[in-house]
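Protein chains in written order, with the numbering used here: chain A, 1 to 566; chain B, 1001 to 1566.
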């Protein structure tokens, strides 16, 4: 066992940031609709909820939670404290609640209802990799369960201990391992500790003129290690790649020692162990360090907005862009429902801006567009001045061929500012008795329209079944040569059994993905939430191979057991 | 068991193409030096071999080979024949020799020496996936070993049965599964059978205006399934990606059934099973079908040649290109040794061409270049006219900044024509008592010069040890944002113990890769040849994870056992 460290350069456990225990983000920040005049009428129409009625559930009260007692023995806690120092091992109820769930709708509903069947028994905050190794060795020796914890933003149920878990559960919080250790400027490779939150990571890189370019919706509250463990994508993945592309090297602490994948640009050294760790959700060990591809901050960066007459035209344009010589940083198109939502969540525009908007809508109507069908698209460009200019002109040509209209950088700048605020809306809705959640898939271009239609149909049937008005909307968020990601948001006012009703809707959507040729998860991982469809997605033999991998790598089932595959 | 098929649309076993048993390519084709006036003096100087002396070993004589008798029982052969039809199961010596080795230098030396410790006992040619399943089920039931066979071009020892293998060895030749089954034009996805050889695959795609864009040096004699099984790269991978990027979907026959990875553009469904199959060299099952990314044939395609004053300038330019907004299809630069080799293997130029060449060399000398240091580079462009023009002008600007000089499309066109002929030189050298082979690595840009120097130093020490003059040369063949592949060719005149001497040189080079921060294989796989360095490359824990995967997926060790990891 290593000596307790007294590292003054490591972040203190007290300074590790966590989201509020009952919802997304930080205390005091939330979504408000009062400054968005279109929002309340929109919600009224979509799911029959009257925001002005002002009925709100009470703010969850921590003192009413019944948190199961920690089963960690004093001896075991002492062993952990011996490794990390006493102040860096905690067993208090608030900490244990914060480390119980991620932030899925299921998690939020349960935490608001005070449903905590099983909490981690002890949370430990190592200062370095050597301490992680000692924690793991001690935990495996004690036959405890180890669940790595980053930002806690997971929405696939990857973090919660199994309710039947009889062993001691250790939540291994990586929050103190949050630094960029080294940048290799020739190769654009940065060695970064796995616990770095998005903003901290980018700030450290930006300081030296670099960016990693990974911006998932959860960016503010998620970590590099979490992105890797769940195969995350970001809104600029069209340019920078999914996390699987960005990760070049890895250090993963396992019971036997440290798995080290050196940062080489490409290798043919058998099945890719790097690609086994990516998406492994803690089952192969604890990721402590990642060597990532970084890029020089672009000279210029712009997100342009376009309108298309309908989704068919818009998707066709996105497909042409993907197969062309153009390489935008963002390609995104909302369907008509989501476009209406976006317009409804805009703040009231005034003066010239309002006139321009009204003028545009009138013009589109004259051209025969139906405002119920039109779709808003964002396309981003990055690089030097000349590159951006040329890319934009090539995209404009494709857009014109598909009868789209460019409306400038205003809406894109707005989108860019508020892109990380969307998750707050779920808490806003829950406060008012409504559920909102997301499900995303990816499929080949040839199947995207079919998937889109199938999901709407499945959601409608599910809403009919639960007997509540429901809403669905969607955008295409990442594109590839062969296809794209479709990201769905759904919402409904729930009755007496919120999770029962949620299950019906969520299941219908996931099954529609599979049946229409999509995958069950494009960038949120599998966890517990998507596991029921894994076999239909990657086949029985695929699951057998994955189970075999986990079983051989972790014969005692100590590493985040029963996630991804049971 | 399925009924013997009578499929008139499947290729007949007699029509499956194989390379000659004793060397590369087809009978009657070989390298000749008589029309290349610079070659003999070059070889004389490099490794002290006098090509005009005309001493040649005798052409290997099949009748002198001692082929171990097949250990397959008549009953077992009858079972296989019952599956595929009698004419599609063969046990003759020539077929068994053809299926014993790949085409590594070690393989060529052994086959010429008549060294065949262990041959496959029976070769079977299934017509479809159902037959592959039946063969596998029957073989596993009989506890036989299954080694999939594509084009037989492997140079890492991935194909040979272990000399101590006591079980019956089945070589499963995919040669009849050689068709493009379906193209999804919207998504650019083609379903292709795994046994398709490069030229057959491209011809079928080209007919409909598509290309897969995968052109390894072995292209003429290697198959799609082989490329996937060994993590191949091609010379246009800068644009089209390595095979790991090109493969979107897979069908792999295993003892339990077919592993099906559906073609979705990206997914976060746990550790990537797709990336476990890529590079698995037969250990996870037999790949029967691959869904690959295809692209429209480009409007324009050009390879331009450039000269750089020395390797440092050239590599710096390649690095700048890789981190810029430019996306060429080929970036390649030969070091000074390989540049000299290229010039020496050119046919005699005449008239105006000769004058131009002489003029260029004189001009470079006047500029202070040393012809012993200058490096030849090829950069390829593809796309529409405007794209190619713009890319070329951006590259030219970077080249100029690094004091490089463009010399037009002539050399590139020549390179493009003869690029698949290089492997024939090994047989040419072996006929004359010299060994030539290749080893390639990849590393970050910051380490490339170090790797290059370390390999030269290691090779020199090895040549000193074996007491023969030796030669090494290198080119950078693929570039990525974070680094590139360095591809080394080495040659020497051997003494009494060709393989013993070869081992000393090859080992020195592989160890230099590791010690200087490169990987042990960029695109040739692991097999037996590179396995000794795997642990140093991907760490002890990495090998443990991979072993665990193989052990769990194939508990009986029936699938190409002891390859990659023992």
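Backbone N, C-alpha and C fix where the C-beta goes; we use that ideal spot for every residue, glycine too.
Owing to the predicted nature of the structure, the values given are computational and were not obtained by experimental measurement.
Query                                                                                                                           : Result
Against chain A: residues of the region 1477-1490 of chain B by CB proximity under 9 Å                                          : 1478, 1479, 1480, 1481, 1482, 1483, 1484, 1485
Residue 1220 of chain B (DSSP reduced to helix, strand or coil)                                                                 : helix
Buried versus exposed call for residue 1073 of chain B [16 or more other C-beta atoms within 10 Å across all chains shown]      : exposed
Residue 1235 of chain B at chain A interface by Cβ criterion, 8 Å                                                               : no
Own chain, CB closer than 8 Å to residue 538 of chain A, minus 5 neighbours either side, in chain order                         : 546
For residue 117 of chain A and residue 341 of chain A, the rounded distance between their alpha carbons                         : 36 Å
Cβ-Cβ separation, residue 1258 of chain B to residue 1133 of chain B (assumed contact under 8 Å), whole Å                       : 7 Å
Closer than 7 Å at the beta carbon, the chain A residues around residue 1293 of chain B                                         : 481, 482
Outcome for residue 560 of chain A when other beta-carbon atoms lying within 10 angstroms are tallied against a minimum of 16   : buried
Rounded distance between the beta-carbons of residue 1071 of chain B and residue 1121 of chain B, thought under 8 Å             : 5 Å
Residues near residue 1050 of chain B by beta carbon distance below 7 Å, same chain, minus five either side                     : 1044
Three-state secondary structure assigned by DSSP to residue 551 of chain A                                                      : helix
Three-state secondary structure (DSSP) of residue 7 of chain A                                                                  : Only weak support is given to the placement of residue 7 of chain A: the predicted model assigns it a pLDDT of 48, under 50, and the question is left unresolved by the model.
Residue 1507 of chain B: contacting residues in chain A (beta-carbon distance under 9 Å)                                        : Those do not exist, as residue 1507 of chain B stays about 17 Å from chain A at its closest Cβ, beyond 9 Å.
Sub-8 Å separation of residue 472 of chain A and residue 516 of chain A beta-carbons                                            : no
Beta strand (DSSP E) runs wholly inside the region 1172-1230 of chain B, at least 3 long, in chain order                        : 1180-1184, 1189-1193
Short-range partners of chain A found in the region 1533-1562 of chain B, where Cβ spacing is below 8 Å                         : 1534, 1537, 1538, 1539, 1540, 1541, 1542, 1544, 1545, 1546, 1547, 1548, 1549, 1551, 1552, 1553
Extent of the continuous beta strand (DSSP E) run through residue 1240 of chain B                                               : Residue 1240 of chain B -> not in any beta strand (DSSP E); alpha helix (DSSP H) instead, spanning 1237-1240.
Contacting positions in the region 440-466 of chain A - beta carbon closer than 7 Å to chain B                                  : 442, 443, 444, 445, 446
Under 8 Å by beta carbon: chain A residues contacting residue 1384 of chain B                                                   : 325
Own chain partners of residue 158 of chain A with C-beta closer than 7 Å, once the 5 adjacent residues on each side are dropped : 102, 230, 281, 525, 527, 563
Beta-carbon gap between residue 1405 of chain B and residue 1377 of chain B smaller than 8 Å                                    : no
Extent of the continuous alpha helix (DSSP H) to which residue 339 of chain A belongs                                           : 336-344
Selection of the region 1265-1278 of chain B by Cβ proximity to chain A, strictly under 9 Å                                     : 1265, 1266, 1267, 1268, 1269, 1270, 1271, 1272, 1273, 1274, 1275, 1276, 1277, 1278
Status (buried if at least 16 other CB within 10 Å, exposed otherwise) for residue 299 of chain A                               : exposed
For residue 250 of chain A and residue 1303 of chain B, the rounded distance between their alpha carbons                        : 36 Å
Under 7 Å by beta carbon: chain A residues contacting residue 1188 of chain B                                                   : 323, 481, 482
Residue 309 of chain A: CB within 7 Å of a non-hydrogen atom of the ligand COA                                                  : The model on display carries no ligand, and the ligand COA is accordingly not part of it.
Residues from the region 1515-1532 of chain B in contact with chain A, defined by Cβ distance under 8 Å                         : 1517, 1518, 1519, 1520, 1521, 1522, 1523, 1524, 1525, 1526, 1530
Alpha-carbon spacing of residue 367 of chain A relative to residue 379 of chain A, whole angstroms                              : 23 Å
Same chain, Cβ closer than 6 Å to residue 1021 of chain B, neighbours up to 5 away in sequence not counted                      : 1097, 1098
CB of residue 1494 of chain B within 8 Å of CB of residue 1501 of chain B, strictly                                             : yes
is_contact[residue 397 of chain A, chain B] using C-beta, thresh 8 Å                                                            : no
Three-state secondary structure (DSSP) of residue 978 of chain B                                                                : Nothing about residue 978 of chain B can be reported from this structure: the residues present for chain B run from 1001 to 1566 only.
When B:1170, B:1192, B:1171 are compared against residue 1179 of chain B, the one with the closest alpha-carbon                 : B:1192
Within-8 Å CB hit, residue 564 of chain A to chain B                                                                            : yes
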